[in-house]
Every structure is written in C-alpha cells, then in structure tokens.
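Right, one structure below, let's go through it.
2 protein chains.
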Amino acid sequence: MKLDRLVGDRFKEKPADCVIESHSLMLRGGYMKFVTSGIFSQYMPLRRICRKIEQIIREEMDAIDGQEVLFPVALPAGLWEESGRYESVGSELLRFTDRNNAPMVLGMTHEEAAVQLVREYGASYTRYPFMIYQIQTKFRDEARPRAGLIRVREFTMKDAYSFHTSQEDLEEYYKRCYDAYNRIFARAGIPEVVTVKSDSGMMGGSISHEYMLLTPVGEDTIALCDECGYRANMEAAECVTINENEDSEELKEVYTPEMKTIDDVCRFLKLPVERSCKAVVYQKNMTDEYVIVFIRGDLDVNETKLRNHVGEDIHPGTITQDSGIEAGFIGPVGISGKFTVVYDRSLKGACDLLCGANKKDTHFTGLNMERDCGSVEYTDVAKITEGGICPVCGKHTIKISRGIEVGNIFQLGTKYTKSMGMQYLDSEGNLNYPVMGCYGIGVGRLAASVCEAHHDDHGPIWPISIAPWQVHICCLRSDDSEIRSVSDSLYDELQSKGIEVIYDDRDVRAGVMFSDADLLGVPVRAVISPRSLSEGAVEISTRDKSVNMKAAKKDAVREIIALVERLKKETERSVC
Amino acid sequence: MKLDRLVGDRFKEKPADCVIESHSLMLRGGYMKFVTSGIFSQYMPLRRICRKIEQIIREEMDAIDGQEVLFPVALPAGLWEESGRYESVGSELLRFTDRNNAPMVLGMTHEEAAVQLVREYGASYTRYPFMIYQIQTKFRDEARPRAGLIRVREFTMKDAYSFHTSQEDLEEYYKRCYDAYNRIFARAGIPEVVTVKSDSGMMGGSISHEYMLLTPVGEDTIALCDECGYRANMEAAECVTINENEDSEELKEVYTPEMKTIDDVCRFLKLPVERSCKAVVYQKNMTDEYVIVFIRGDLDVNETKLRNHVGEDIHPGTITQDSGIEAGFIGPVGISGKFTVVYDRSLKGACDLLCGANKKDTHFTGLNMERDCGSVEYTDVAKITEGGICPVCGKHTIKISRGIEVGNIFQLGTKYTKSMGMQYLDSEGNLNYPVMGCYGIGVGRLAASVCEAHHDDHGPIWPISIAPWQVHICCLRSDDSEIRSVSDSLYDELQSKGIEVIYDDRDVRAGVMFSDADLLGVPVRAVISPRSLSEGAVEISTRDKSVNMKAAKKDAVREIIALVERLKKETERSVC
Numbered sequence: 000m001k002l003d004r005l006v007g008d009r010f011k012e013k014p015a016d017c018v019i020e021s022h023s024l025m026l027r028g029g030y031m032k033f034v035t036s037g038i039f040s041q042y043m044p045l046r047r048i049c050r051k052i053e054q055i056i057r058e059e060m061d062a063i064d065g066q067e068v069l070f071p072v073a074l075p076a077g078l079w080e081e082s083g084r085y086e087s088v089g090s091e092l093l094r095f096t097d098r099n100n101a102p103m104v105l106g107m108t109h110e111e112a113a114v115q116l117v118r119e120y121g122a123s124y125t126r127y128p129f130m131i132y133q134i135q136t137k138f139r140d141e142a143r144p145r146a147g148l149i150r151v152r153e154f155t156m157k158d159a160y161s162f163h164t165s166q167e168d169l170e171e172y173y174k175r176c177y178d179a180y181n182r183i184f185a186r187a188g189i190p191e192v193v194t195v196k197s198d199s200g201m202m203g204g205s206i207s208h209e210y211m212l213l214t215p216v217g218e219d220t221i222a223l224c225d226e227c228g229y230r231a232n233m234e235a236a237e238c239v240t241i242n243e244n245e246d247s248e249e250l251k252e253v254y255t256p257e258m259k260t261i262d263d264v265c266r267f268l269k270l271p272v273e274r275s276c277k278a279v280v281y282q283k284n285m286t287d288e289y290v291i292v293f294i295r296g297d298l299d300v301n302e303t304k305l306r307n308h309v310g311e312d313i314h315p316g317t318i319t320q321d322s323g324i325e326a327g328f329i330g331p332v333g334i335s336g337k338f339t340v341v342y343d344r345s346l347k348g349a350c351d352l353l354c355g356a357n358k359k360d361t362h363f364t365g366l367n368m369e370r371d372c373g374s375v376e377y378t379d380v381a382k383i384t385e386g387g388i389c390p391v392c393g394k395h396t397i398k399i400s401r402g403i404e405v406g407n408i409f410q411l412g413t414k415y416t417k418s419m420g421m422q423y424l425d426s427e428g429n430l431n432y433p434v435m436g437c438y439g440i441g442v443g444r445l446a447a448s449v450c451e452a453h454h455d456d457h458g459p460i461w462p463i464s465i466a467p468w469q470v471h472i473c474c475l476r477s478d479d480s481e482i483r484s485v486s487d488s489l490y491d492e493l494q495s496k497g498i499e500v501i502y503d504d505r506d507v508r509a510g511v512m513f514s515d516a517d518l519l520g521v522p523v524r525a526v527i528s529p530r531s532l533s534e535g536a537v538e539i540s541t542r543d544k545s546v547n548m549k550a551a552k553k554d555a556v557r558e559i560i561a562l563v564e565r566l567k568k569e570t571e572r573s574v575c
Numbered sequence: 000m001k002l003d004r005l006v007g008d009r010f011k012e013k014p015a016d017c018v019i020e021s022h023s024l025m026l027r028g029g030y031m032k033f034v035t036s037g038i039f040s041q042y043m044p045l046r047r048i049c050r051k052i053e054q055i056i057r058e059e060m061d062a063i064d065g066q067e068v069l070f071p072v073a074l075p076a077g078l079w080e081e082s083g084r085y086e087s088v089g090s091e092l093l094r095f096t097d098r099n100n101a102p103m104v105l106g107m108t109h110e111e112a113a114v115q116l117v118r119e120y121g122a123s124y125t126r127y128p129f130m131i132y133q134i135q136t137k138f139r140d141e142a143r144p145r146a147g148l149i150r151v152r153e154f155t156m157k158d159a160y161s162f163h164t165s166q167e168d169l170e171e172y173y174k175r176c177y178d179a180y181n182r183i184f185a186r187a188g189i190p191e192v193v194t195v196k197s198d199s200g201m202m203g204g205s206i207s208h209e210y211m212l213l214t215p216v217g218e219d220t221i222a223l224c225d226e227c228g229y230r231a232n233m234e235a236a237e238c239v240t241i242n243e244n245e246d247s248e249e250l251k252e253v254y255t256p257e258m259k260t261i262d263d264v265c266r267f268l269k270l271p272v273e274r275s276c277k278a279v280v281y282q283k284n285m286t287d288e289y290v291i292v293f294i295r296g297d298l299d300v301n302e303t304k305l306r307n308h309v310g311e312d313i314h315p316g317t318i319t320q321d322s323g324i325e326a327g328f329i330g331p332v333g334i335s336g337k338f339t340v341v342y343d344r345s346l347k348g349a350c351d352l353l354c355g356a357n358k359k360d361t362h363f364t365g366l367n368m369e370r371d372c373g374s375v376e377y378t379d380v381a382k383i384t385e386g387g388i389c390p391v392c393g394k395h396t397i398k399i400s401r402g403i404e405v406g407n408i409f410q411l412g413t414k415y416t417k418s419m420g421m422q423y424l425d426s427e428g429n430l431n432y433p434v435m436g437c438y439g440i441g442v443g444r445l446a447a448s449v450c451e452a453h454h455d456d457h458g459p460i461w462p463i464s465i466a467p468w469q470v471h472i473c474c475l476r477s478d479d480s481e482i483r484s485v486s487d488s489l490y491d492e493l494q495s496k497g498i499e500v501i502y503d504d505r506d507v508r509a510g511v512m513f514s515d516a517d518l519l520g521v522p523v524r525a526v527i528s529p530r531s532l533s534e535g536a537v538e539i540s541t542r543d544k545s546v547n548m549k550a551a552k553k554d555a556v557r558e559i560i561a562l563v564e565r566l567k568k569e570t571e572r573s574v575c
C-alpha cells in the first residue's frame, strides 16, 4: 500500500473532547471518523487492525470447539419477551417497530437468539456440550458514550454461547474459555490483562469474570489484594468489616438541632464516624417506593450491589413532606412505613452506635443493633475501600485500581433455557433445562485498549500481531533516482515475500514522513535516505525504539524479514 | 470437524412456503434458521460459505485498489436528510429514534456514509481517484421478503464507493470494477452470470449494470437479444415499435355503449388492438394527482419507467365521479384537467387509431396523433415484449428471461457529492464536485444463487471455492476397528495437509450418512466401507458425480489432495 493513496487524514492537533489517548490518537492517525454520538466509521488502518483481532479471536474460539454462526442484528421483540428482558432491560436496549408495526430490537447481546437457534437441535443429551459464537455488529444505546472506542453505541463483538447438561460440565468448559481469553489478549499484545470476579448484572447467573486492562484512565474500578492475589470488580468485591466496640451504653436520646448529616453529629459528639449508623435513601424506579439503607457511618453504598439485592432499578431518593420519613434523623429503631429497609452487613453485631431517632432534631447514642432492632437480615451493599480488609486473606491490603474491561465470561445457569423453554431428554428419558455460559469480547474496545497500553506521545505502538501493516518504508528523497530505486525494490521484494508493507514515497519533508509513520504505529520501519545510502545501507528500526540498526542494501530484505519474525515470536512467547 | 458435533439439524421433508430450491435446501441442510420475516440466523456451514465468498470479494476489491473500511449500521437521519433520501425513499428505509429521540435510520446502502467519511479527505484533486468498500450488515425493510436468502430484510453486503474528478475517470474505473465483478462470480462458481443494462432507480445517476444469474425462478425479468447480445432489465429496455398504418381516415365518433375496455371496442369494430390508443390511469402517491398514460393498445405500461419519468412514486388510479375523467372512454383528443398526461413513444406518428372520446359511451376512429393532438412530448414508458424489436440490431428477436440479480454497479455522477456539499480544488484552483460510482454484491444472495445454479434433488453441489469444507469422509462402519482406524488416519492426515475436512463417523445407516453428505454438498467425498477395504481401497467421488474412483489405501491422501487441487484449478480456469 502506498501511503499517498491511503484514505484518511493525519494531523497533529489533539482534538477536543478526547479524555483518553487512544481516542485522540485514533482520530489523529486517520483510523476512524466520528459519525454521531458513540458511532464511528473506520478507515482502512483500523479495519485491518480489527480484522486481525477478529482472526485471533476466531482461531482461539475454534480451538475450544466453537462453531462460528451468525445471528441477526435486528431481532423480533418476541424473543426478548420470552426471556423477560424486553421489560427488564432499560433504554440501552434499542426498541423500534418495522413497517408493519411489529416491535423489534437491535441486538445488544444474543442469548435469546442463541437459544432460538439451537432450541430444537439441543433436544437430546447426546448433542451436548456445544458452543456457538459470532463476530457481528451490536448496538447498545448508551446514555453517555465516551472515550472513543471504549464506550460506544455501535460496536463489533465476538459473543459466544455454550450449552451443557450439568453445572460441572459448564465449569470445565468455562475454564477452557477462561484460558482461551488469556491467550487472545496475549496474542493481541496485552498479556498484562488480569481477570477479576464480577457481578453478573442483567445477564443473570452466578459466577462471572471480567478481563481488565489496568490503567488509570479506565472507567471500571477494581479491588485488588497484592498479598493473596484477590481481584474483583467493585460490585463483586465483598466488603469485610470488624466491629470491636463493646456493648456498654444504654439507648439515649440526644438533642441535635440543625445537624442533618451524620458527620455533623459525630463532630458535635466527638465520635469517630465508624461509631455511627447512617441512613441512605433511594427510590425504586418503577414505583418510587423508598428504599432505606442503614450502613456504618464510614462506608458508602455500592448501588449495583443494592440494585441486585432489591431486584430492580433504583435512584437516589427525594424525601417528601408526606413520606413519613424524618429527613436527617432517620434511624433503625422503631422505623416503620411503606418502605423497604436494608441493613448493611457492617452493622451486624455492632454496639454503642450513634443513629437518628426518627424524630426531628433528635439522635440516639448507645445503639445496639441486636438489642434494639431485633433479628434483621444483613446484606453486603457497602463499597469496598482502599486499605480495607481482603475478603480472602483477611489482611488490610485492599487496593483500588482502575481498568478497562476488555472481555467478560459468565456462567448463566438456566435463566434463558428455562424462560425460553429449551429442554433436552437425558439418558434416563427425563426432560431437563440445559445450563449455559456466555463469553464476550468487544473488538474495537480491544483495539483501543492495546493502543492505551502501547503508545507514546507521537502515536500508537502496535504489536505486530494486530498492526495494520508489518513494515513501513520511508523513502526520504523520492526525487533521487537511486533512493527511489532502492526503496521501490525493497517494497516489491518484501511484498513478494508476503510481508505487509506501507510505503511512503511522497515528496514531503522527513519530519512529516516520520510523524505520519509514528501515527500509523507500524512495528518495523525501514528508512532509505541520502545519508544511509552513502554508506550503502538502509536504516531499520522498531516503532518502540528497541531496535535501531543499519543493514547493507543487499541484506535489507533478509534483515527486515528476520526482525518481523522475531517480533512475531516475542508475541507468541507471551501466550501461556 | 466431526459431523456428529455440527450444530444444526438436517431433514428430508421439504419445508412449506419454499418457492425455490436454495431456500428449501438451506433449511433442510442445517444452513440457516428462520428468525422472523426476512431474517435468518446462519449455522456454521453457511457462515463458512459466506466467509469464503467475502474473502473472494475482498481480494478482487483489493486488486482494483479498493480500501476496506467500515460504516455504521445505525446512521443519524441527518445524513440522509442532506442527500434528500430521508424524504424520497419509502418505508423500506427503516427509521427509528434513539433514547434521546434523535431520528436515525438503519443503513440500507451507504452513499451518505461514504461521502461523510471522505468529505474532508477528498478536498484536493491530488487525492483522486480512490475507492472504499465495506462488508457489513444492511437492513432493508422489504414489504415482501421471499425465497429464502434471495429477498431478505437483513443481509451482509459488500458495498463499494469510488470517487473521481471526471466522468472519463469514473468510466475507466467502472470498467475495472465491471471486470472484477465477473471474476468474483466466476471464482464463486457461477461464471454464467451475465450483465444487463439497468435502471438506476433510487440510486440516481445514469449508466448502471446488473449481474444476473438467468434462472426461471428469478424474480427479475430481462430482455435479451440472441442476435446481437443486447441485454437489459425491463426498466432499462427500450421498447421499439413501428407504426405502418397510413393516414386515410377522418376523426369520427362511434357509439360504443357499455364497452369500457379497448379490447371490447376493438372486438366490436373488428380492429386489431395495435390499431388503438388506450389510456391507463395512475395517481401520484403524495398528492393523489392523476397521471394518464396514452399507449398503443397492444402494449403495457412499465411502471418503473413511468415512475422515473414522473419523478415520484405512483400507484394505479381510482377514478372518482368528480375527477373530470370519463372512465372507459378516455382519449387524447381535447383532454384537459388537473392531471399529468404522458404519451408513450409507441403513439409517435401513429394514424388511423381507435381511442376514447372523453364522452360517455363514445369512441373515435381515425385518430391521427400529430393532426389531432398537436405537438406533444413522447416518452418510452412501455414494457418490452417477447418477440419485440431489439433496440440495438432492430430485429424482432427479443426474448424475455428471468434472473436473480447477484450484483450491481452504478455510475452515480454528482448526486451525492452535490447534495452533501463535497468539493475538491482542481489544479487550477477551482472548486468542483467529485463524480461517484457505487458497486454492490449481496453475500447471502450470492450463496443462494450458487445453490440455485448448482444442486440436484438431494442437495447443493458447492463449488470448491466456497464449499463449507473441501472433503467429506464417510466412515461406514465406525464399530469396525480397521475401518475406523483407516478413516481416522485419513481425517488426521488430510487435516495436517491443510485440507478442510468434515468427518462422519456416526453409528448410522449408510443411507442417512449419504443423504446428509448430499445436503452438505461438499465437493469431494471419501467413503471407507467394508466392501472397499476388502479390496484395500477407499472410494473417492465428487458431489457432482463426475468422478467416481477407487484409490489404494496408501494412495488415498495423495489422490484426494490431487482431486481437490484439480477442482480448484477448474474454477480458476473459468475466471477470465
């Protein structure tokens, strides 16, 4: 490919509204163009990167017995009604009607379509296990698309669905897929991706993992323990607390006028906040019914945990005059009314706490949960904190990091097969529901993540496995016949040996040529200049600057191919 | 791939509602599954066929300097408003709103997206020509999806867009693409595809061609001349007529009570229908305004030609009492009113005709168009007929055939660049609008067309270039250890040599095994049976029955690979 024919503009200025580097570099390098919020068109270099990623994914899915299929982008709403998600999923599911007013959706995930495809095929236990996958466009109507390809509305995704006759068989397959995912990320050039236990969210099911590229610009937050290796996303990370204060006090009213936050009262009474029980008020989205969470004063509510516990969507509450709630003075003693009350596990066994008294300008001290509130159910809805207790090794070692989720795997159980009536006859002639797993990777987000992990101020540094081209030739004086002839034949020879080459023979300054090459991020660069040719040599370097050498003209092709092969091997070595 | 692991059911019974064989065979062979009207999911065999077709298309597009890009499936309505098609295209364009009530469409073709992607890039003449293409999902909300993959609502399409600084340059590139398309169809196994001149329809522009697979089950109709090679679709085929009757009569009223069709009157007056001028009434969709077409009595109106002439959508008219139209007695003499009148070219210079007199129960004889109607504009809106006059060689040689449109190419001109404000500076510093071409192939429809062209009663006969696998091994007695061991090692050895093999080692009757193999349509078959092994041989055959041989066990791998290579070469030889 001649660079002067490559469609797309490259430019120096960082575009506005780019909060992360991959977004900025992919716009500056002519990789993609903004079409509308969360929707981009791809130019050739990004298309090539994505196709290489797709091929890596395909090979690894095939290696674990996956069968590539294709589901529709536009699905009849009926399928989502069967699973119950037509109602339960929010407005990120794009609903529309066709010309005959038939309700439809744009597929944002394809569990329903997968079950529909194999519902009859999987009628006998002899057909199991099997896994089907597709690489296809998805649409998710995100409220806040951001960060270039990291959070978009339309994206290419590999989604896989496995079907099993037992939980054990699912777990065995889950492990194979878990490993395949690690190979995919390593082959794509980011072996540093870690797995974290995650919350299954709207997918249903129990065990699930996310694959995270740890980076300060990530939009996900993860709890890590360096001592024991524990890793979980915030929704899945158990918040462990210890209450050491002893029961010594009586429940006693305190007059606390105008002190509406627990922090105010603690300061007034000179108590540490962890000696308080605070109330946080939410409302259910559907009914506006109040949900009052009692939690230890030093902790915050993790809304996803709370949402999962409540079983429906919630939002921060607005306390009205007629709500029966005494805003600022809410406490667990004798609370009653038409609301859901949730007790965070941090309060379990806690004594001698400060709390609201459900009476204007009044708090209690000396709260003993068991004595004063009776036998209530405690649930973990608290946010784990930096320096908190690791739920596995029990040490105060929790660190909070940020990351980009580049993939996820879920054990779905029978949520979809049950709701959609997919059954098989087992060897004894009984009907059972198959157990499912599902496994996703966003192709564009993975490309952007690799760029986040591998770039410098001048552009991306693509791993050779997914780079748009393998070699970038710069002919520094195309008007000099010798330089042109050496460059042209290097281009022709490399291409004839199957090397993917981008060739810059434009009549532009060296600075322009190099900054364009930096933006394209091709791993191997060959420069033919008057200076090098005066020594009879071609300059060969790598985009990451680890190699910078000269090769005699006659050896250049051989040296470049050897370097390409070496880089390929290095990527392969990182694959476990 | 082991056949007993292949997801999807194969069955014998022809499904209801299948009007063409490819539809029936693709359902019976486990290639695809119906999801909703005009929407299918693909199982692995079809996915593999489509991916091979996509790769052939990609190689041929790259060979004519195409750059693969990717446009969004969901596009902002604003882009289509710029081009004017948001209004002008009917309900096959699926319109919807996103969560923020922003109007959007599902891309059914991507001229607008292509211009949006390169509008800035193409600002200077030095950047031209260039071609970008994508292989992506499209959605077209067809009123009547039919015939399996032939007319669907969601489909994978390769669509390409070229940009030029002159009509000459477009024409030169158009020719290259024309040839590339012929290579694509030949490589996919249907070199018999012919090109026909076509109507550009809603795409705009002037010259365009369709690639047709001639088959009685096709939904398109084509006019062909065997004498001179003229080929055009019905919309583009000029209808040539000769009027030989001489002017001898006066215009004369005839009383024709209760005779409301021109056929009735001709019979009554014993005149041949070509001696009459009939009226056909339409209405404009938008305004209900009447469009009255006068045409020679033996011809029919081609509604697409009429639509293109009128410039908007029309439908057969309903004549009301207050319309000012005398239904059954409409004629060109003295007609006036609030309607558009169209004179078909078949009436040009015609004399001595019968026609309505715009008066109840009355006709005229002796109509002389020029004398009685004055100077009117004649337009070709007539349907060409079997045995009609070839517009090129002038002989009565026109044949009417049916075909499936497997691809199309258009010279678009400046319709989109003008409406969307894409301009470039030429070498003299003047601003100009680039000239565009566009080029489409539906991947699934091509797969179905190959199946139409190559099948027998038992299943498809896939050309080796797009077959889901190259070799199908049938192990006829997997419980016999020798037969199993020969089969297993044949499977392993062929795979290790890079041959794509589907291996049937199920414990089923030979009849089941062969009928499944027929449905999968893999070109080369190897059968290992007690009978063949007793002679120390493996049976090797082709799906099309042209080869049926025995090879000694030890030679089987070599013979099969030689056969695969021979079939590949035969396909290549058909490529011009």
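Protein sequence lines, in the order shown, are assigned to chains S and W. Under numbering that gives the first Met the number 0, the residue at position 21 of the first sequence is numbered 20, and the numbers go up by one with no gaps. Under numbering that gives the first Met the number 0, the residue at position 173 of the second sequence is numbered 172, and the numbers go up by one with no gaps. Idealized CB from N, CA, C, for every residue including glycine. In this text, all values refer to a predicted model and were calculated from it rather than measured experimentally.
Using a C-beta cutoff of 7 Å, does residue i count as contacting chain W?
| i | result |
| --- | --- |
| residue 10 of chain S | no |
| residue 40 of chain S | yes |
| residue 32 of chain S | yes |
Suppose the cutoff is 6 Å on Cβ atoms and the five residues either side in sequence are ignored; what does the same chain contact list for residue i look like?
| i | result |
| --- | --- |
| residue 505 of chain S | 3 |
| residue 527 of chain W | 474, 482, 485, 486 and 537 |
| residue 533 of chain W | none |
Does the Cβ of residue i have 16 or more other Cβ atoms within 10 Å, making it buried, or fewer, making it exposed?
| i | result |
| --- | --- |
| residue 27 of chain S | buried |
| residue 398 of chain W | exposed |
| residue 344 of chain S | buried |
| residue 496 of chain S | exposed |
Quick one: what's residue i bridged to in DSSP?
| i | result |
| --- | --- |
| residue 308 of chain S | According to DSSP, which records beta bridges pairwise, residue 308 of chain S is partnered with nothing at all. |
| residue 106 of chain S | DSSP lists no partner for residue 106 of chain S. |
| residue 377 of chain S | S:342 |
Please tell me whether residue i has its Cβ less than 7 Å away from any Cβ of chain S.
| i | result |
| --- | --- |
| residue 27 of chain W | no |
| residue 54 of chain W | no |
| residue 153 of chain W | yes |
Residue i to residue j, Cα distance in whole Å?
| i | j | result |
| --- | --- | --- |
| residue 173 of chain W | residue 561 of chain W | 38 Å |
| residue 361 of chain W | residue 354 of chain W | 9 Å |
| residue 49 of chain W | residue 456 of chain W | 23 Å |
| residue 523 of chain S | residue 566 of chain S | 9 Å |
| residue 325 of chain W | residue 84 of chain S | 59 Å |
| residue 195 of chain W | residue 227 of chain W | 13 Å |
Keeping to the same chain, check which residues put their C-beta closer than 7 Å to that of residue i; ignore five residues upstream and five downstream.
| i | result |
| --- | --- |
| residue 422 of chain S | 430, 431 and 432 |
Residues in its own chain within less than 8 Å of residue i by CB, not counting five upstream and five downstream?
| i | result |
| --- | --- |
| residue 413 of chain W | 432, 433, 434 and 435 |
| residue 237 of chain S | 231, 379, 383 and 390 |
| residue 492 of chain W | 556 |
At a cut-off of 6 Å, is residue i close to the ligand ATP when judged by its beta-carbon and the heavy atoms of the ligand?
| i | result |
| --- | --- |
| residue 389 of chain W | Looking at this structure, you won't find the ligand ATP or any other ligand, since it has none at all. |
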